Structure formats: C-alpha cells, structure tokens
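Let me begin by presenting the structure, written as structure tokens, before commenting on it.
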Amino acid sequence: MRRAIELSMNGAHTTPPNPDVGCVVLDATGATAGEGWHERPGGPHAEIDALTQAGERARGGTAVVTLEPCDHTGRTGPCTDALIAAGVARVVVAVADPNPVAAGGAATLRAAGVDVEVGVLTDEATSANARWLTPFRTHRPFVVWKFAATLDGRSAAADGTSRWITGEDARADVHRLRAAVDTVVVGSGTVLADDPRLTARLDGAAVAPPLRVVVDSAGTTPATARVRDDQAPTWIATADEVGAASDGRVDLRKLLDQLYERGRRYVLLEGGPTLAGAFWRAGLIDRVVGYVAPALLGSGPAALADAGVDTIDAAIRLDVADVRMVGPDLRITATPREHRKA
Ligand code: AOF
Ligand code: ZN
C-alpha cells in the first residue's frame, strides 16, 4: 500500500478534478505483477493501468489500491468489473470512496466472491489524496495558499516593487499549479498593486484557465484591470453580494460555500498578505506552498499580514510534506496542524 500511495502521487497536477489513485497488483505468489496510477480525467483508472501491466498474472492475485474501486461507468468503465474479469482473488483498499456516484465497489466485489479488506494505511492515503477527499467532508473547496518570499520572509521591497522575487522555474511551477486548480483567488489590493492576469500557461501554451475571483469588499476593482479580460471567467466578489463578516469585509466562509455551490473544489489563494491573513484567521487554509528565494530585502511587507497570532504560543504550526529546489528557489509544501482549523 505504501508503494501504491507513492504511485498515486505521480498524477499530482494532471488528475484534477479526479482523485489521485495508485494501485499495485500482486500475482498469486505475492510478487508484484503490475503498477499503475491515475494520470488524468478520461484516462484509465489506477486499477486498469496496473491490471493491464499484470495481464494473466493477476489471476488469483491481489490488487492493492489507495481508493475503493469504482462501481460506475463515468468517463471510463467500472473497475469492479475489470477486477472480477481479471480473476483477482483479493482487493486491499486504503480509503472508501466518498463519491456517491462511484461508491459501492467493495460490496460489488464481495458479492462476486472477492475477498475485500478496507482500511489499510488509511491516514497516509487520506493525506496523499486530501485535495480530492477533503471537500466531501467539509462541503467547501480545498484551499491552497501559495506565496513567494525572500529568505527573510518579505514579498515586496520597501518601495513596493515585487517583480520578480523568485526565478523563472518557480513561476512555471505556479502555472502548473494554476492549471490544476479550478479557482484562483486574490485580494483587490493585489489587483491594484500588480494588475495580474491570473491565467494559466503550460509549456508556453495557455490551458483551460480557472475561475478568477477577486475578493473586493467595497468593489474597487478598476474596469480596466487585466483580471477582467476575456481570457477566463472572473468573479468580483463584493461584501454586498457574498455577505459581510463582522468587520464589514467579505465573509470568507460564505465565499467558499458559494464557490462550492458553483461546483468549485480546488482553490489557489494567491495574494496578498492581508487576504491570506484573513483566510488564516477564519481557519480556511488546507495547504501552504511557499516559494522561498535565496535573497534578502531587510525591509518591505511580509508575505503574511495579521493572521490572528499575537503571541508565540499561538503560532500557526505546520507539518512539512515536501521540500524541493525549483531552479535556484526553495519550494516548501506544508499542512497546518489539525487543531488550528476552524
Ligand atoms: C479516478 N481514478 O483511479 C479511480 C477513481 O468519471 P470517471 O471515470 O473519471 O470516474 C471518476 C470517479 O471514479 C472518481 O470520482 C472516484 O469516485 C472513482 N475512482 N477515479 O479518476 C481512479 N479509482
Ligand atoms: Zn475505477
């Protein structure tokens, strides 16, 4: 299962809106006969990928899969049928499928005489697929806060200039992330300061861009802002339309509720520091992706403004999930510890 979880993460930026799923098929002697993962919507599910590799060796063997095999015909056929047809004797599952459309696979397999075990490495598999699983539980989109800062934590210089803190590779990486999410959220301050387009480009080509949301409590986004161009849909979310919190600003929980109702499941929160602070105060961030440039500014605004922390004991503590170099910059992916969440 540990190997299946590892395989599941190969999809990362290409699987949304589908889940990240991995599968290992063992032959009757317990030797690995096939490995697979889900790469993109419309592509083969992880089980099919692994079964294809295993061929006849799957007969009498075991399929180890990170998500309960689907029992429906969606973009592709039911994995339950394929597992049964391949003669798999045993299926080991980490996480039950919360998607009502596809669920029921374990029961179908058992009815066909397959030995099914659910609940192996459930916690690990749940965090590997958190982006897809979380919205079923919270009924709001999964929120990733992305920022770029210098090693001393600053996102702009004292004179307000901020282009470019990180290098080209980090910017390309952000475009991959934008191409994977279905919604990008920024504050009106960022629109006024940087006039970003917030579109996604992959390998130089524009890809189906996500919804662009400007959190603009008082409706100050200029008519000429680039974010209003025709490259992608845009929602200027004002306090009047969304609903106001006690401070008169856009109620962020309501904003996410409304995005969920509109079918949105994966939000990239891009800026700036004030809006990010408000999301933290409301406990609405699920993951942090920080690009840290090996540069120092010594003055200038921090990447994050008031996040509701006024003493060291109240610091928002994160667990680091991944650290890697992206060109000359460092990319840190981390998850807030559970007790911080509202
Ligand atoms: C995947 N990949 O490896 C597994 C999935 O309409 P479809 O064919 O894209 O099916 C999507 C659903 O199938 C998905 O929401 C999940 O409930 C189930 N299992 N999906 O994309 C996989 N095993
Ligand atoms: Zn399937």
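Its first residue numbered 0, the sequence shown is counted upward by one per residue in numbering that gives the first Met the number 0. Glycine included, C-beta positions come from ideal geometry on N, C-alpha and C. Since we're looking at a predicted model, the values are computed, not measured.
Helix, strand or coil at Val-241 according to DSSP, with G and I counted as helix
Assigned with DSSP and collapsed to three states, Val-241 falls in helix.
key: For Thr-310, three-class secondary structure by DSSP   = coil
- Task: Over the uninterrupted alpha helix (DSSP H) stretch that includes Ala-3, give me the two end residues.
- Result: For Ala-3, the enclosing alpha helix (DSSP H) covers residues 1-7.
#### Entry: 9 Å Cβ cutoff met for Gly-60 and Ala-27
The answer is yes: Cβ separation under 9 Å.
Original post:
CB of Arg-74 to nearest heavy atom of the ligand AOF: below 8 Å?
Top reply: yes
Using only the alpha-carbon positions, how far apart do Thr-334 and Asp-318 sit? 5 Å
Checklist entry - Using a Cβ-Cβ cut-off of 8 Å (strictly less than) and excluding sequence neighbours within five positions of Val-180, which residues of its own chain qualify? => result Pro-15, Val-143, Pro-209, Tyr-265, Val-266 and Leu-267
**Message:** Run through the DSSP bridge pairs and tell me what Arg-261 is partnered with.
**Reply:** Note: Arg-261 sits in no beta bridge, so no partner.
| task | For chain D, find out if any of its Cβ atoms is closer than 9 Å to the Cβ of Val-113; answer yes or no. | result | Among the chains in the structure shown there is no chain D, since it carries only a single protein chain.
Endpoints, the beta strand (DSSP E) within which Ile-235 is located: 233-236
* **Reference Asp-96, options Gly-76, Val-64 and Thr-75, closest by Cα** => Val-64
ask   = Is the beta carbon of Val-24 less than 9 Å from the beta carbon of Val-113?
value = no
- request: Between the Cα of Met-0 and those of Ala-171, Gly-262, Thr-237 and Leu-66, spot the shortest distance and give me the residue it belongs to.
  value: Ranked by Cα distance from Met-0, the options Ala-171, Gly-262, Thr-237 and Leu-66 are led by Leu-66.
* Taking the C-alpha atoms as reference points, what is the distance between Gly-54 and Ala-85? -> 8 Å
For the 8 Å Cβ check, are there 3 or more pairs between the segment 137-152 and the segment 246-260? yes
On a CA-only basis, which of Val-90, Phe-146, Pro-99 and Ile-83 is nearest Thr-332? Give me that one, please. Phe-146
- For Arg-89, I'd like the list of residues in its chain whose CB is within less than 8 Å of its CB, leaving aside the five on either flank, ordered along the chain. Gly-60, Thr-61, Ala-62, Val-113, Asp-114, Val-115 and Glu-116
Endpoints, the beta strand (DSSP E) within which Val-322 is located: 317-325
Practice prompt. Using the Cα positions of Glu-240 and Trp-131, report the straight-line distance between them to the nearest angstrom.
Written response: 28 Å
> What residues are listed by DSSP as bridge partners for Pro-335?
Replying inline: DSSP lists Leu-317 as partners of Pro-335.
* Residues of its chain near Leu-329, where Cβ-Cβ distance is below 6 Å and the 5 sequence neighbours each way are ignored -> Here the set comprises Val-291.
Quiz prompt | Straight-line Cα distance separating Glu-5 from Gly-247 | solution = 45 Å
Proximal residues to Arg-177 (C-beta, below 8 Å), its chain only, five neighbours per side dropped: Val-183, Leu-197, Thr-198, Ala-199, Pro-208, Pro-209 and Leu-267
Q. Under the criterion of a Cβ to heavy atom distance below 8 Å, does Glu-123 qualify as lining the ligand AOF?
A. no
### Message
Quick check on the burial criterion: 16 or more other C-beta atoms within 10 angstroms. Buried or exposed for Val-214?
### Response
buried
Practice item. Evaluate the contact criterion for the segment 275-286 versus the segment 302-309: three or more CB pairs, one atom per stretch, below 8 Å. Key: Enough Cβ pairs lie closer than 8 Å, so yes.
message: Tell me whether Ala-106, by its Cβ, gets closer than 8 Å to a heavy atom of the ligand ZN.
response: Not under cutoff, so the answer is no.
TODO: Starting from the C-beta of Gly-242, find all residues in its chain whose C-beta is less than 6 Å away, skip the five residues before and the five after it, and write them out in chain order.
DONE: Excluding the 5 residues flanking it on each side, Gly-242 has same chain C-beta neighbours closer than 6 Å at Asp-250 and Lys-253, in chain order.
- Task: Starting from Thr-14, trace the beta strand (DSSP E) both ways and give me its first and last residue.
- Result: That residue, Thr-14, is in no beta strand (DSSP E); it is neither H nor E in DSSP.
Given Gly-33 as reference, the closest of Glu-269, Gly-270, His-174 and Arg-58 once Cα atoms are compared | Gly-33 has its Cα closest to that of Arg-58, out of Glu-269, Gly-270, His-174 and Arg-58.
- Message: I'd like to confirm something about Ala-101: is its beta-carbon nearer than 8 Å to some heavy atom of the ligand ZN, or not?
- Response: yes
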